[in-house]
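What follows is a single structure, written as structure tokens, with notes after it.
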Amino acid sequence: MLGRLIAVMAVWLFAYQSDPVFAAGRAALLIGNGAYQVGALANPARDVATLKSALEKAGFDVIEARTDLDRKGMLQALDAFESRARNADVALVYYSGHGIEIGGTNYLVPVDAQLQSDRDVKYEALALDDILAAAEGAAKLKLILLDACRDNPFAGAMRRVQTRGAFTRGLARTEAATPNTIIAYATAPGRVALDGTGANSPFAAALVRHLLTPGLDVRLALGLVRDDVIEATRTSPEPQTPYVSGTVGGEAVSVAPATGETVKPNTEVIALPPKLDPDRHAREDFDRARSVNSLAAWEAFLRHYPTGLLADLARAERDKLTAAASAGKPVGPAVASKPEASKPGASKPAAPARVVASRDTRAVTRSVEPTRRSDRPDPTMYSRSVWGKHTLEGQPATAKTAHGTLYCLPGRGQGRQCRWLD
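For the sequence shown, the numbering used here assigns the number 1 to the initial residue and increments by one for each residue that follows.
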């Protein structure tokens, strides 16, 4: 009887561990290939190690980090990840290494690849579709991060057999076909990304800074990643503009939950206490500190909220006051002076400055006068006066307005998401 009970328990434990119902809430697969015989790369292994450390701090349930894999090793890693990602909330795949495009299809290149012609690619490399299929089982977000747009080191020796024309640089544009999927490229289609001269590639460094910000919508995070990479590579021979394609709906979804939010690693999620806005108190205290606008007020705010985006903004405000005090300028909240009574013959006050806007799919720059932050309107509603009610095209857009810097993701109606950055 006891032996039978032990056998039943063993079977139950095996089913518990292998059943996808008990899959991790957030799972990640990180692959860094750098030890190529042709075109070796220095940073992929470091990129993977840096991102793995960041994911661990963000509380990911499963993190599989592998480096310098041959084709068999990449296939085995994908198979293992596919079972772990099934029914997970978030499935994240990051690849750093060589990638090539043949006939409109993107391929990730193992370190043992022998590419003598374009016909060899489907046998020697892994198609991006294989990566997408491995993450397909995740429920809320399938995020593919491709730091794989390095220049093709095999192009000089490869013969073109099945396709015509010259081999292209970088990767081709691929649109996600399954819902709740985002593909983020380190640079634009047909362009080349840098391995980086520092400890990490520009794309990997920006991902670590922004992607895992607690509670930040993944689309806003990738917009900040894009801005950082553009700035970091602005003076390089190959400036990078990261590109994002996806099929995510209007609901906000973050890679790292907001502070205090927990996720149970299975499909049955225990209901958490209602928390409509977990950062409300921090924002209210930030507004109070801004209305006082003194060093003491900002120091008090930072003692209670030492980390996060608002903490960074508070430090910036504090530093401005410190610099103003050092220069002998008055500090504190601005007080509007009363206008003098009009006198006979006095000139009329100047009319408000006309706002002049230059339209661009990526940014809108305006010459305006500053407005008190406490009086700022709702960013999404205000965006209609900047870009109208029509759908924004292309990448996220930024506008410097009288109320501050406005940042918006493309979309129509509720699909458009906007926020004030300063």
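Idealized CB from N, CA, C, for every residue including glycine.
First through last residue of the beta strand (DSSP E) which encompasses residue i
i    : result
Q417 : Q417 to W420
G59  : First-last for G59: undefined, no H or E at that position.
T398 : A397 to T401
A252 : Note, A252: premise wrong, no beta strand (DSSP E); not H, not E.
A184 : T181 to Y185
Alpha-carbon spacing of residue i relative to residue j, whole angstroms
i    : j    : result
D287 : W298 : 10 Å
R303 : H281 : 14 Å
D285 : G388 : 33 Å
A138 : T181 : 9 Å
D319 : N293 : 11 Å
L41  : G59  : 29 Å
K142 : L92  : 6 Å
R376 : S201 : 37 Å
A402 : I131 : 45 Å
A399 : A327 : 31 Å
A397 : S385 : 14 Å
P44  : A204 : 9 Å
A113 : Q76  : 16 Å
L219 : L409 : In the sequence as displayed, the identity of residue 219 is Arg instead of Leu. Straight-line Cα distance between these residues: approximately 7 Å.
R71  : Y123 : 9 Å
P237 : N87  : 43 Å
P239 : A296 : 42 Å
G103 : L126 : 14 Å
S245 : T322 : 43 Å
N106 : P189 : 11 Å
G34  : M381 : 47 Å
D47  : D68  : 12 Å
A49  : A324 : 41 Å
E56  : R84  : 16 Å
G74  : V121 : Note on identity: in this sequence residue 74 is Met, with Gly being the wrong assignment. In a straight line, the C-alpha of M74 is about 15 Å away from that of V121.
G308 : F81  : 31 Å
K275 : A133 : Reliability of the predicted coordinates at K275 is poor, the pLDDT of 49 falling under 50, and the value obtained from them is presented with this limitation in mind. Straight-line Cα distance between these residues: approximately 34 Å.
G39  : R283 : 49 Å
A101 : A252 : Sequence check: residue 101 is Glu here, not Ala. Going by the C-alpha atoms only, they are around 32 Å apart.
Beta-carbon proximity of residue i to residue j, cut-off 8 Å
i    : j    : result
D422 : G404 : yes
K140 : V109 : no
G99  : L171 : yes
D147 : A186 : yes
A65  : L30  : yes
A27  : D79  : no
T174 : L224 : no
A221 : V255 : yes
G97  : G32  : yes
P257 : A184 : no
D217 : Q37  : no
A289 : A314 : yes
R312 : G215 : The residue you asked about is not Arg; residue 312 is Asp in the sequence shown. Cβ distance not < 8 Å, so D312 and G215 don't count as in contact.
T178 : E231 : no
A54  : V208 : yes
DSSP three-state assignment for residue i, whether helix, strand or coil
i    : result
G308 : coil
G103 : coil
E64  : strand
R226 : helix
R84  : helix
L216 : coil
L141 : strand
S385 : helix
G34  : coil
T405 : strand
A42  : coil
R318 : helix
A27  : strand
A323 : helix
D375 : helix
Run of the alpha helix (DSSP H) containing residue i, from where it starts to where it stops
i    : result
D112 : It is not in any alpha helix (DSSP H) - D112 carries neither H nor E in the DSSP assignment.
A454 : Residue 454 lies beyond the stretch modelled for the chain, which goes from 1 to 422, so this question has no answer here.
T241 : It is not in any alpha helix (DSSP H) - T241 carries neither H nor E in the DSSP assignment.
R427 : Within the shown structure, residues of the chain are numbered from 1 to 422, placing residue 427 beyond reach of any answer.
A282 : R280 to V292
L69  : Neither: L69 is in no alpha helix (DSSP H) and is coded neither H nor E.
D129 : L128 to A135
E175 : No alpha helix (DSSP H) holds E175; DSSP gives it neither H nor E.
V121 : V121 to E124
Residue i at chain B interface by Cβ criterion, 8 Å
i   : result
L55 : The structure shown contains no chain B; it holds only a single protein chain.
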